[in-house]
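This report concerns only the one structure given below.
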Amino acid sequence: MGRADGTIPRPLPHSRLLLRPALGAVLVGLLPAGFAAWRLVLPERALADTGPRALADGAFALAFWAYLLTVGAGAGYTALRLVGFKAEHPADRLRFGVPIGVALLGFIPLGLGLLGLLRPGWVIGCLAIVALAVAPASRLGIRDILGLTAQVRQLRRSPLSCFLGTLYVGLGLATVLLGLTPPTGYDDLWYHLEAPRLFLAAGRIYPEANNWNANYAFALDLLYAFPLALGNDTVPRLVHWTFGALLLANAYGLARRYVPALAWVTPAAVLTMNQLPFLAIHAATDLPVACFELLALEGIVAHIRGGERLNLRLVTLCLGLGLATKATAAGGATALGVVLAGYLARCRWLARSAGFPVRPLELVVAGLLGLSLVGPWYGKNWLWFGHPLFPYAGGPTDRDGSLRTDLLTAYVRDGYGVPKDLLGLVSLPGALLTEPDRFGFGLPPLALVALAPFGAFLLRRPGLELLAFAALRVGFWFLTSQQIRFLISGLVVVTVLLVAGLGGATLPRARRLAQGVAAGVTLSLLLVIALTYLTLTVPVRQWGVIFGYESKEQYLTRMLAGFRALTFISSLPPESRVLLVGDARHYYCPAACWPEADQFTWTRLAMLADFDPERLVEDLRAMGITHILVSRPDVEFLTDHDPGGRFGRSISLLYGLVPRCLKLIFVDRATEVYEVGCAGPEAAVQGLPAVTRMAKLRARTPPPAPGEDH
């Protein structure tokens, strides 16, 4: 972030609302009105529509995505100037400015929602005001992008750069195209998109009792309110994809601090995490959290390794935005806090020979900055639900509320990974590679296996700050929720450490071996990208829905398990109420769906009835439940991550009710719909003939064993 010759880089420009703004600034401020007019003339096509309107929807998504990033860059550059950030290279300004600014935009819907003004007009109008205010900084961001593009073109002389560039561009285009399709991610449809849509419909942010995780929707989720206010739900996927690209750039930037010549290996190795491209195109928040943790770590490393001034305000800005995005950032914040405290304690011990790098006033200002970023998000939950970490703590204290909290926290805390003991810790590396399903997402970067032997060379010049962060980050993750998507920043840092060891292999034979490993990582990346491209392009066939040959409804019927069942539910009588079992995705669910707060309503009802069938049926009737939808893949997944066995017991009870009180009326490849009623003739079954025969047999047999093919 500083010049090699020690001179001071030029500061970022001041951004203020001018009395006579330039024409470009006025245009930037007026563009939201243009987007609103676009949607008035060409609104988002309906689910069943086909035709060239799909091209207009795709063009709108790409244009609005680019606009959000431009305004976000302006807001980020402005924030970086206020915290004293200085950088000479445009890539460094973009790596820090874009994610920080985009996350800060999420505070606009928060403020409007708390004031009861969360309406499309207010949302777009406030975006226009912010865009006008930061227009000078946005111009610098655009100039940096153009300058960086010119520098990248100069790399064409290097065969390795051309090879990697071709792979990155190919994978990027494939994933962006998939991002233009209707969202299908589980958490996206549960709360990442559903929460801002609920709040927009209500015109305010309120304590949502029927979708607990909606109250957990923080900065990035509320950022998605901007495109949702204009009827678009694909821009959130593209925004999250941007953080995936920034994650790779930040991995390279961090590695450059330790081993400049081999820093290119780091993003290539990170991309060997097989499911990373899939996660990138979800409208989620895991990659932004990892980005902010890496940026905060780099801010500390820049001082320790590069001799730059320790910018605590920059560090707390990044950590605060990470925590404002998701509470899982607490692991990174804790690890960085310990690393920084240890370093400051060492500096204090050596204060006689070297000046202490931080003044007390800087600590106070940095702390207040972090608190101002985190406080609004957790404070509202504390005020409304009695605990800042709701729904994973606090909430109602009666038996019903306590069961809800207990089931959800047990699933998140204990439903994944290995036992939280010494034996589990020892078995962790092997389990990550051989039993990835236990960790809920996929394999860690496969390149770590090839790079692991070079960890021995770290003994010569150990990066103690990286070692400490990696150990603490993994330890925090091990003791909490062992979902591998919560450990991405830790995996990136481990990769940087091993690449640094790769660069430390100085013996002639070891050097040749190191070069071979680097080439192997590149080939692994090629294989992963090729397989990913085939996986994304061939089976998904996203071209049809993007170009309008296929409707969104047809695409979702192919790609989203259970979507046909939701279409069937829409045809039920108006007074019908459908309880979802194993499924909490309400985004496409019709009004007949009973609100699923936490994925465990059926289990909670069974426990409240003491697993008594008669009491349970009476409770269902009292709630007005007329039908039950069972999502078999989700039931199987939750059964595999059921630490107390209570969910599995409730599913056994459900299938035990089938002969007497539940009549199968619909079945497809992934779902079953039952009508609640303990008397009457057997209902007809709708579905494919072969599947129908299987469903009739299933209705008379015990439930399948966990893990059995459905």
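The sequence shown lines up with residues 688 to 1397 when you count with this note's numbering.
All C-beta atoms in this analysis are idealised placements derived from N, C-alpha and C, irrespective of residue type, glycine included.
Quick caveat: nothing in here was measured; it's all calculated off a predicted structure.
| Check | Outcome |
| --- | --- |
| Taking just the CA atoms, how far does SER1238 sit from GLY793? | 31 Å |
| Looking at the structure shown, is CYS978 part of a helix, part of a strand, or coil, going by DSSP? | helix |
| Look up GLY1374 in the DSSP assignment and say whether it is helix, strand or coil. | Because GLY1374 sits at a pLDDT of 42, beneath the cut-off of 50, its placement in the model cannot be relied upon, and the following sentence gives the value as read from the coordinates. Looking at GLY1374 - three-state DSSP - the assignment turns out to be coil, as it is neither helix nor strand. |
| Per DSSP, which one or two residues make a beta bridge with ILE669? | The chain is shown from 688 up to 1397; residue 669 falls before or after that span and cannot be answered. |
| On the three-state DSSP scale, how would you describe LEU1001? | helix |
| Is the beta carbon of PHE965 less than 9 Å from the beta carbon of LEU1008? | no |
| Ignoring anything shorter than 4 residues, give me the alpha helix (DSSP H) runs that lie fully in the stretch 770-829, in order along the chain. | 777-792, 794-801 and 807-820 |
| Is it right to say GLU1152 is buried, meaning 16 or more other beta carbons lie within 10 angstroms of its own, or is it exposed? | buried |
| Got a sec, what are the start and stop residues for the beta strand (DSSP E) ILE1352 sits in? | 1349-1354 |
| Cutting at 6 Å between CB atoms, please list the residues of its own chain near VAL1061, excluding the five before and the five after it. | GLY1007, LEU1010 and ALA1011 |
| Could you name the residues that DSSP lists as bridge partners for CYS1280? | VAL1265 |
| Quick one: using the 10 Å Cβ neighbour count with 16 as the cut-off for buried, is VAL856 buried or exposed? | exposed |
| For PHE1165 and LEU1094, what's the separation of their Cα atoms in angstroms? | 20 Å |
| Residues in its own chain within less than 7 Å of PRO1063 by CB, not counting five upstream and five downstream? | LEU797 |
| Are the CB atoms of ALA822 and VAL715 within a distance shorter than 9 Å? | yes |
| I'd like to know if the stretch 1085-1094 and the stretch 1281-1292 are in contact, where contact means that at least 3 CB-CB pairs between them fall below 8 Å. | yes |
| Excluding the 5 residues preceding and the 5 following PHE905 in the sequence, name in chain order all residues of the same chain whose CB lies nearer than 6 Å to its CB. | ALA1011, THR1012 and TRP1064 |
| To the nearest angstrom, how far is the alpha carbon of ARG1291 from that of LEU1214? | 45 Å |
| Three-state secondary structure (DSSP) at TRP1036? | helix |
| Using three-state DSSP, classify PRO1044 as helix, strand or coil. | coil |
| In terms of residues, what are the limits of the alpha helix (DSSP H) holding TRP928? | 922-943 |
| First and last residue of the alpha helix (DSSP H) that includes TRP1164? | 1151-1166 |
| Kindly indicate the opening and closing residues of the alpha helix (DSSP H) around ILE1233. | 1230-1234 |
| On a Cα-Cα basis, can you pick out the residue from PHE1156, TYR1236, SER1318 and GLY890 that is closest to ILE987? | PHE1156 |
| Do you know how far the Cα of LEU865 is from the Cα of ALA753? | 17 Å |
| With DSSP run on the structure shown, which of helix, strand or coil describes HIS879? | helix |
| Throw me the rounded Cβ distance for the LEU1056 and THR1003 pair, which I believe falls under 8 Å. | 5 Å |
| Please confirm if the stretch 1177-1190 is in contact with the stretch 942-958, defined as three or more CB-CB distances below 8 Å between the two stretches. | yes |
| Relative to the alpha-carbon of LEU1200, which residue among PHE1141, VAL1180 and ILE1175 has its alpha-carbon at the smallest distance? | PHE1141 |
| Around the C-beta of ASP1329, are 16 or more other C-beta atoms found within 10 angstroms, so that it is buried, or is it exposed? | buried |
| Which first and last residues belong to the alpha helix (DSSP H) in which SER1337 is found? | 1333-1343 |
| Taking the straight line between their C-alpha atoms, what separation do you get for ALA889 and ALA912? | 13 Å |
| Thinking just about the alpha-carbon of each residue, which of SER1176, GLY1332, VAL1265 and ARG1347 is nearest to the one in VAL1317? | VAL1265 |
| Pop quiz: ILE829 and LEU781 are said to be a contact at Cβ under 8 Å. What is the actual Cβ separation, rounded to whole angstroms? | Not confirmed; about 10 Å, so no contact. |
| Would you give the residue range spanned by the alpha helix (DSSP H) that ARG1086 belongs to? | 1086-1101 |
| Suppose the cutoff is 6 Å on Cβ atoms and the five residues either side in sequence are ignored; what does the same chain contact list for LEU1001 look like? | VAL770, PHE772 and GLY986 |
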